[in-house]
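Enquirer: Here you go, one structure.
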Amino acid sequence: MAPGGEGERDRDFQVLMSLAHGFMVSQVLFAALDLGIFDLAAQGPVAAEAVAQTGGWSPRGTQLLMDACTRLGLLRGAGDGSYTNSELSSTFLVSGSPQSQRCMLLYLAGTTYGCWAHLAAGVREGRNQYSRAVGISAEDPFAAIYRSEPERLLFMRGLQETWSLCGERVLTAFDLSRFRVICDLGGGSGALAQEAARLYPGSSVCVFDLPDVIAAARTHFLSPGARPRVRFVAGDFFRSRLPRADLFILARVLHDWADGACVELLGRLHRACRPGGALLLVEAVLAKGGAGPLRSLLLSLNMMLQAEGWERQASDYRNLATRAGFPRLQLRRPGGPYHAMLARRGPHPGIITGVGSDTSGTGSFVTGIRRDVPGARSDAAGTGSGTGNTGSGIMLQGETLESEVSAPRAGSDVGGAGNEPRSGTLKQGDWK
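For what it's worth, the numbering used here labels the leading residue of the sequence shown as 1, then goes sequentially.
Written as structure tokens, this is what we have:
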């Protein structure tokens with residue numbers, strides 16, 4: 001054996017065992033959290049025997065668990081056999097701490113941990129296998145995120161904890177003060193929206209989420225009688241009419257979905273976004289090439305197991321945004337686990353061709369997300385051409401925003417349909 005070979009092999013074996021036993025480490029954390037050991041230790045030095053008596057637990061099991069927590073840096077042991085919390089535990093694991101992550105960790109210990117038991121099957125199939133294993137309908141791909149009302153509330157509280165640490169960072173990565181109307185899409189309990197309202201008091205802020213989520217937010221997360229700083233709007237962002245806004249926030253939303261659904265959603269936002277508006281995307285972005293960082297890769301596997309999407313590179317988000325009409329995307333790293341990306345609104349991409357009258361012609365959306373656009377009419381920008389009974393025309397760089405349109409054209413109506421050839425410019429008006 002070459003000199004040093006045995007030592008390297010031993011080190012590699014130690015690394016391997018650390019990786020293989022990693023789930024045991026997380027279970028020590030989860031069990032101590034679930035049993036309330038960190039809350040008990042927060043009251044002062046406490047002996048393992050006293051902790052066991054408080055909960056009616058095995059003295060030996062309690063001692064072993066608390067010793068393991070000590071070796072992991074979660075507790076501090078004293079010479080008299082008592083334990084206190086470490087600074088880490090006092091900050092993140094004690095109930096009532098302003099920066100507590102207790103609910104999110106308990107959610108990971110239950111729902112998410114159950115999903116990861118099916119990782120190999122998920123990799124083989126390339127999608128969520130947990131739902132099938134526990135009998136969740138495939139028609140609801142997000143049922144694996146929470147299967148019951150208690151799980152939903154735990155998840156919503158966990159997100160509140162996340163934004164208590166990261167919210168200000170991602171919301172101040174860019175100066176958002178010029179956006180007068182802000183909508184947090186999929187904003188859940190409103191934690192991030194409340195932070196936006198605090199940081200930008202001159203802006204009106206609303207949360208748009210599913211009706212049952214909005215009902216839970218109003219019931220469990222708003223103080224009775226208090227006037228909320230944000231407005232809550234219920235709806236399905238793929239089907240319902242979206243509120244108009246200058247800025248839409250999508251925090252950990254796009255990673256839920258495959259590319260086609262992302263472009264569809266962003267296209268809907270393009271039509272609801274006012275001129276000069278933008279999107280603020282908050283995600284754990286993969287490095288160029290997609291090979292890291294490790295946390296983002298693990299999150300990407302998690303999204304495969306619990307939803308339909310994955311984490312992406314900055315170039316992927318730029319491509320999705322551009323396809324939906326947000327061609328200018330800036331990325332910033334404000335610190336913490338998430339990146340902030342500001343995508344500014346531009347004309348909707350696409351090439352539209354039309355033939356026939358202004359109401360009965362046919363068309364196709366070549367590079368956009370819609371197809372079969374009648375009569376070269378569209379709610380998106382692009383280049384279109386068409387011929388009518390006696391006239392012809394070309395639409396260049398037209399753009400519609402419901403009632404806000406600016407489209408130079410030649411010919412009769414869009415696509416040159418009608419009995420009389422004529423030319424002109426379509427100015428501000430309603431084009432439908």
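Glycine is no exception: its CB is placed at the ideal position from the N, C-alpha and C atoms.
Would you list the residues sitting across from Val170 in a DSSP beta bridge?
Expert: DSSP links Val170 through a beta bridge to no other residue.
Enquirer: Let me know the secondary structure DSSP gives Ala251 once reduced to three states.
Expert: strand
Enquirer: Tell me whether Gln306 is buried or exposed, calling it buried when 16 or more other Cβ atoms sit within 10 Å of its Cβ.
Expert: Classification of Gln306: buried, given that the 10 Å Cβ count is 16 or more.
Enquirer: In the DSSP output, which residue or residues are listed as bridge partners for Thr322?
Expert: Beta-bridge pairing links Thr322 to no other residue.
Enquirer: Looking at Thr112: is its Cβ nearer than 8 Å to the Cβ of Asn302?
Expert: yes
Enquirer: Would you decide whether Val51 is buried or exposed? Buried here means 16 or more other CB atoms lie within 10 Å of its CB.
Expert: buried
Enquirer: Determine which residues share a DSSP beta bridge with Asp259 and list them.
Expert: Paired residues: none, contrary to the question.
Enquirer: Within the present structure, is the beta-carbon of Phe248 separated from the nearest heavy atom of the ligand PLP by less than 7 Å?
Expert: Ligands in the displayed structure: none, and consequently the ligand PLP is not present.
Enquirer: Tell me, please, which residues DSSP counts as bridged to Met341.
Expert: Leu281, Leu331
Enquirer: Tell me the rounded alpha-carbon separation between Arg333 and Ala287.
Expert: When rounded, the distance between both Cα atoms is 12 Å.
Enquirer: What separation, rounded to the nearest whole angstrom, lies between the Cα atoms of Glu283 and Gly36?
Expert: The straight-line gap from Cα to Cα measures roughly 32 Å.
Enquirer: Since I believe Ala68 is in contact with Val28 (beta carbons under 8 Å), could you give me their beta-carbon distance rounded to a whole number of angstroms?
Expert: 5 Å
Enquirer: Please go through the same chain and pick out, in chain order, the residues whose beta-carbon is closer than 7 Å to the beta-carbon of Phe92, but skip the five residues on each side of it.
Expert: Here Phe92 has Gln99, Ser100, Gln101 as same chain residues with Cβ atoms under 7 Å from its own Cβ, once five neighbours each way along the sequence are excluded.
Enquirer: Could you check which residue in Gly187, Cys262, Cys273, Gly158 has the C-alpha nearest to that of Phe179?
Expert: Relative to Phe179, the option among Gly187, Cys262, Cys273, Gly158 whose CA is nearest is Cys273.
Enquirer: Counting along the chain, where does the alpha helix (DSSP H) carrying Val123 start and finish?
Expert: 119-125
Enquirer: Please classify Leu299: does DSSP put it in a helix, a strand, or coil?
Expert: helix
Enquirer: Can you round the beta-carbon distance between Ile182 and Val213 to whole angstroms, since I take them to be within the 8 Å contact cut?
Expert: Ile182 to Val213, Cβ: 18 Å. No contact.
Enquirer: With 16 other CB atoms within 10 Å as the buried threshold, where does Arg25 fall?
Expert: Arg is not the amino acid found at residue 25; the sequence shown has Val there. Exposed.
Enquirer: In terms of DSSP beta bridges, what is Tyr83 paired with?
Expert: Looking at the DSSP assignment, Tyr83 forms a beta bridge with Val46, Gly77.
Enquirer: For the candidate residues Ala215, Ala41, Ser164, Ser240, whose alpha-carbon lies nearest to that of Arg231?
Expert: Ala215
Enquirer: Can you tell me which residues form a DSSP beta bridge with Leu286?
Expert: Gln313
Enquirer: Taking buried to mean at least 16 other C-beta atoms within 10 Å of its own C-beta, is Met341 buried or exposed?
Expert: buried
Enquirer: Are Gly187 and Val207 close, meaning C-beta to C-beta below 8 Å?
Expert: yes
Enquirer: What does DSSP give as the partner residue(s) for Val25 in the beta ladder?
Expert: DSSP lists no bridge partner for Val25.
Enquirer: Is Val94 helix, strand or coil when you go by DSSP?
Expert: DSSP, reduced to helix, strand and coil, places Val94 outside both helices and strands of the structure shown, so it counts as coil.
Enquirer: Would you mind reading off the limits of the beta strand (DSSP E) that contains Leu242?
Expert: Where Leu242 is concerned, there is no enclosing beta strand (DSSP E), given that its DSSP letter is neither H nor E.
Enquirer: With distance defined between alpha-carbon atoms, name the residue in Asn85, Met104, Ala78, Asp12 nearest to Phe30.
Expert: When only C-alpha atoms are compared, the closest one is Met104.
Enquirer: Starting from Ala234, trace the beta strand (DSSP E) both ways and give me its first and last residue.
Expert: Judged by DSSP secondary structure, Ala234 falls within the beta strand (DSSP E) whose first and last residues are 231-234.
Enquirer: Among His118, Ser148, Ser189, which has the Cα closest to the Cα of Gly158?
Expert: Ser189
Enquirer: Do you know how far the Cα of Gly325 is from the Cα of Gly276?
Expert: For Gly276 and Gly325, the distance between alpha carbons rounds to 12 Å.
Enquirer: Excluding the 5 residues preceding and the 5 following Ser296 in the sequence, name in chain order all residues of the same chain whose CB lies nearer than 6 Å to its CB.
Expert: Ala284, Leu286, Glu311
Enquirer: Start and end of the alpha helix (DSSP H) containing Phe13?
Expert: 5-20
Enquirer: Are there three or more Cβ pairs, one per stretch, closer than 8 Å when the region 39-55 is compared with the region 12-21?
Expert: no
Enquirer: Please report how far the alpha carbon of Glu125 lies from the alpha carbon of Asp316, in whole angstroms.
Expert: 23 Å
Enquirer: Please report the distance separating the alpha-carbon of His118 from that of Leu72.
Expert: 27 Å
Enquirer: Beta strand (DSSP E) containing Phe208: first to last residue?
Expert: 204-209
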